[in-house]
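Going by the working numbering, the sequence shown opens with residue 697, and the numbers climb by one from there. Here a beta-carbon is modelled for each residue, glycine too, at the ideal position from N, C-alpha and C. Notes to accompany the following structure.
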Amino acid sequence: MGVALADVRAMDAADPLRERRDRFVLPDGVIYLDGNSLGALPKATAGRVQDVLAREWGQGLIRSWNAADWIGAPARIAAKIAPLIGAASDEVTVADSTSVNLFKLIAAAVRHLPDRPVILTEAGNFPTDLYIAAGAAELIGRTVRAVPADEVEAAIGPDVAVVVLTQVHYKSGARRDMARITQAAHRAGALIIWDLSHSAGAVEVDLNAAGADLAIGCGYKFLNGGPGAPAYLFVARRHQALLTSPLTGWMGHASPFAFEDAFTPAEGIDRFLCGTPAILAMAALEAGIGEFEGLAMADVAEKGQRLCTLFIELVEQRCSGYGLGLVTPRQPAARGSHVSFRHEQAYPIMQAMIERGVIGDFREPDILRCGFTGLYVGYEDVWRTVETLRDILATQAHREARFWVRSRVT
Ligand SMILES: *Cc1c(COP(=O)(O)O)cnc(C)c1O
């Protein structure tokens, strides 16, 4: 027999992460399955941002660069991200957006390997990764080779300077074997940049165990940093003296307040900073990452996997015969913490779900995507989601015209 409401309630009651949910602002009547796109708001964030506004900015004024250690925010927040991604704190910094950080690292990598003309990536990678690679290639005089997902490893040849891959695919949820592909890149003499946007805070990531060179990732997804939060980047210690950012802003200078005319890069990871950090946004990001304090990433990841597995099982039990097809790998180790199903009418179905308070999202051309974060999603939420989906499919509620109207953001 299938899983019943009593069963999922028992799972929630036995869940050691259950009380973490109370630390987030979650509207009544909403089941939030889009933390992979915009993490929920921690209750601590408003107070933290308000304190930065009223006390640090309002009262402290410019003194707060020192007194409130605004200047130390990138390194301080990086030290909290580092354990989530298997990095040392001096290998990570927080700055700019994921897109800009990717540009910096691609340029740094290809300029380091001037005889190799190719930036290799996968077709169907997250759009900004493809666009930034193309823009950087054009500027620096290299070419981008985007090959089908399963041909990437074979395509890492002696002409490749850098491989740019996303560890967990934004659409399919498929997770790549970071250690194996990193080794393949190194055997060919190439560097590799991992985009962790859909993996950090969702699954266990161990950059140094994998021997990774470079990485970037997003602050507003599983790290709960708020819309447009600052992003992070990782440069393995062994590369820090050899690579330089093409965006030589003064915060990346060895001594910004010496006000010298000539650019001398800072010694360590700070050389990848560019301009003045966005302190209000940094405050929200720091509060968001604070939600992982006192937790083992392994426990958060394991719960995420259980939620994903339950969702797949329930959809297949309760919604069979309605044209849904699983896109995401079934094995937990082969996926991130979101699950995608394909359906011809995915867009209106998701709009109908959202109207009923179950918030996931749609991805072109036919993907219903639901993210499961162990911090604030429960087992009963999964059960209710599937009952909502089943009811919509059974009654064809999504056929109503209003669900077919496309918004700018899907
Ligand atoms: C979300 C995401 C980004 C976001 O980049 P921004 O510069 O923050 O817009 C980049 N890459 C991947 C793989 C993502 O999932």
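I'd like to confirm the pairing. Which residues does DSSP put opposite A842 in its beta bridges? Counting from one through the sequence shown, the residue named residue 842 turns up at place 146. Per DSSP, T817.
Nonlocal neighbours in the same chain, by C-beta distance under 6 Å from L1020, ignoring five residues either side: For this step, residue 1020 is matched to residue 324 along the sequence shown. Here the set comprises F1037 and H1039.
7 Å Cβ shell around V856 - same chain, five flanking residues per side excluded: Indexing the sequence shown from 1 puts residue 856 at position 160. Within the same chain, V856 has close Cβ partners R812, V814, L816, A884 and A886.
Excluding the 5 residues preceding and the 5 following T741 in the sequence, name in chain order all residues of the same chain whose CB lies nearer than 6 Å to its CB. What you label residue 741 is simply residue 45 of the sequence shown in a count that begins at 1. If we look at T741 and ignore the five residues flanking it on each side, its Cβ neighbours are A980 and A983.
Throw me the rounded Cβ distance for the A896 and I781 pair, which I believe falls under 8 Å. In the sequence shown, the residue the question calls residue 896 occupies position 200. In the sequence shown, the residue the question calls residue 781 occupies position 85. 5 Å between Cβ atoms; contact.
Nearest neighbour of H865, chosen from A880, P844 and A992 [CA to CA]: In the sequence shown, residue 865 corresponds to position 169, counting from 1. Nearest C-alpha to H865: P844.
Return the chain-ordered list of same chain residues with a C-beta closer than 6 Å to the C-beta of E818, the five sequence neighbours on each side being excluded. Walking along the sequence shown from the start, residue 818 turns up at place 122. So the qualifying residues of the chain are A845 and V848.
How far does the alpha helix (DSSP H) with D747 in it reach, from first residue to last? Position 51 of the sequence shown, counted from the first residue, corresponds to residue 747. It spans K739 to D747 - the alpha helix (DSSP H) in which D747 sits, taken as one unbroken run.
Hey, would you say the C-beta of T944 is under 7 Å away from at least one heavy atom of ligand 1? By 1-based counting over the sequence shown, the position of residue 944 is 248. It does not: the Cβ of T944 is nowhere closer than 7 Å to a heavy atom of ligand 1.
Of the residues G1074, A932 and V899, the one placed nearest A997, counting alpha carbons only: Position 301 of the sequence shown, counted from the start, is the residue given in the question as residue 997. Taking only the C-alpha atoms, the option nearest A997 is V899.
For ligand 1, is there a heavy atom less than 7 Å away from the beta-carbon of F930? For this step, residue 930 is matched to residue 234 along the sequence shown. The answer is no for F930.
Where do the ends of the beta strand (DSSP E) carrying C1066 lie? Here residue 1066 refers to the residue found at position 370 of the sequence shown. Counted as a single uninterrupted DSSP element, the beta strand (DSSP E) harbouring C1066 occupies residues I1063 to G1067.
Identify which residue in L903, P738 and A1029 has its Cα closest to the Cα of E989. Mapped onto the sequence shown, residue 989 falls at position 293. Shortest Cα-Cα distance from E989 to any of L903, P738 and A1029 involves P738.
What are the uninterrupted segments assigned as beta strand (DSSP E) that are 3 or more residues long and contained completely in the region 979 to 1020, given in chain order? Correct list: empty.
Tell me which residues share the same chain as Q1001 and place their Cβ nearer than 6 Å to its Cβ, disregarding the 5 neighbours each side in the sequence. To locate residue 1001, count along the sequence shown from 1; it is residue 305. P1028, listed in sequence order.
Closest to L892 by C-alpha separation, out of I777, R1026, L809 and P961, would be which residue? Working through the sequence shown from its first residue, we reach residue 892 at position 196. The shortest C-alpha to C-alpha distance from L892 to any of I777, R1026, L809 and P961 is the one to I777.
S951 CB to nearest heavy atom of ligand 1 below 7 Å: In the sequence shown, counting from the first residue as 1, residue 951 sits at position 255. Result no, Cβ not under 7 Å from ligand 1.
Is any non-hydrogen atom of ligand 1 found closer than 7 Å to the C-beta of K917, if you look at the structure I gave you? Start at 1 with the first residue of the sequence shown, and residue 917 comes out as number 221. Checking the Cβ of K917 against ligand 1 gives yes.
Counting Cβ pairs, one atom from each stretch, are 3 or more of them under 8 Å apart for the region 960 to 967 and the region 727 to 735? no
When you compare only the Cα positions, how much space is there between E1009 and A1097? Mapped onto the sequence shown, residue 1009 falls at position 313. Mapped onto the sequence shown, residue 1097 falls at position 401. Near 31 Å, if we compare the C-alpha coordinates of A1097 and E1009.
Terminal residues of the alpha helix (DSSP H) in which R1059 lies: Numbered from its first residue, the sequence shown carries residue 1059 at position 363. Looking at the DSSP string, R1059 is not in any alpha helix (DSSP H); the run it does join, the beta strand (DSSP E), is D1057 to R1059.
Report the rounded CA-to-CA distance for Q746 versus R1031, giving the unit in angstroms. Stepping through the sequence shown from its first residue, residue 746 is reached at position 50. Stepping through the sequence shown from its first residue, residue 1031 is reached at position 335. Q746 and R1031 have their C-alpha atoms roughly 38 Å apart.
How about T839 and A832: are their beta carbons less than 8 Å apart? Your numbering for residue 839 matches position 143 in the sequence shown. Your numbering for residue 832 matches position 136 in the sequence shown. Result no, Cβ atoms of T839 and A832 do not sit closer than 8 Å.
The beta strand (DSSP E) with L910 in it runs from where to where? Here residue 910 is taken as the residue at index 214 of the sequence shown, counted from 1. L910 to G913 is the extent of the beta strand (DSSP E) around L910.
When you measure from the CB of A927 to every non-hydrogen atom of ligand 1, does any distance come out below 7 Å? Against the sequence shown, residue 927 aligns to sequence position 231. Checking the Cβ of A927 against ligand 1 gives yes.
Nearest to D1077 (by Cα), restricted to the options P723, Y728, F720 and A1093: Within the sequence shown, numbered from 1, the residue matching residue 1077 stands at position 381. The option with the nearest alpha carbon to D1077 is Y728.
Span separating the alpha-carbon of A784 from that of Y1018: Counted from its first residue, the sequence shown places residue 784 at position 88. Counted from its first residue, the sequence shown places residue 1018 at position 322. If I take the Cα positions, the gap works out to 48 Å.
Looking at the unbroken beta strand (DSSP E) that takes in R716, where does it start and where does it end? Indexing the sequence shown from 1 puts residue 716 at position 20. Note, R716: premise wrong, no beta strand (DSSP E); not H, not E.
C-alpha distance - R714 paired with E787, whole-angstrom precision: If you number the sequence shown from 1, residue 714 lands on position 18. If you number the sequence shown from 1, residue 787 lands on position 91. Rounded to whole angstroms, R714 to E787 spans 33 Å at the Cα level.
Continuous alpha helix (DSSP H) stretch holding T862: start and end: Within the sequence shown, residue 862 is the residue found at index 166, counting from 1. No alpha helix (DSSP H) contains T862, which is instead part of the beta strand (DSSP E) from V856 to T862.
For C914, collect the residues of the same chain with a Cβ closer than 7 Å to its Cβ; drop the 5 residues on either side in sequence, then sort them by chain order. If you number the sequence shown from 1, residue 914 lands on position 218. The answer, listed in chain order, is T794, S893 and A927.
So, at 7 Å on beta carbons, what are the nonlocal neighbours of E752 in its own chain, with the 5 sequence-adjacent residues on each side left out? The count along the sequence shown starts at 1 and reaches residue 752 at position 56. S760 and A764, listed in sequence order.
For S1036, does the three-state DSSP call read helix, strand or coil? The residue you call residue 1036 lines up with position 340 of the sequence shown. The answer is strand: DSSP assigns S1036 an E or B state.
Can you give the Cα-Cα distance for R1065 and L1022, rounded to whole angstroms? Locating residue 1065 in the sequence shown gives position 369, counting from the first residue. Locating residue 1022 in the sequence shown gives position 326, counting from the first residue. If you take the alpha carbons of R1065 and L1022, they lie about 10 Å apart.
Exposure label - I758; buried when at least 16 CB within 10 Å: Position 62 of the sequence shown, counting from 1, holds the residue named residue 758. By the neighbour-count rule (16 or more Cβ atoms within 10 Å), I758 is not buried but exposed.
Quick one: using the 10 Å Cβ neighbour count with 16 as the cut-off for buried, is P823 buried or exposed? Here the question's residue 823 lines up with position 127 in the sequence shown. By the 10 Å Cβ count, P823 comes out exposed.
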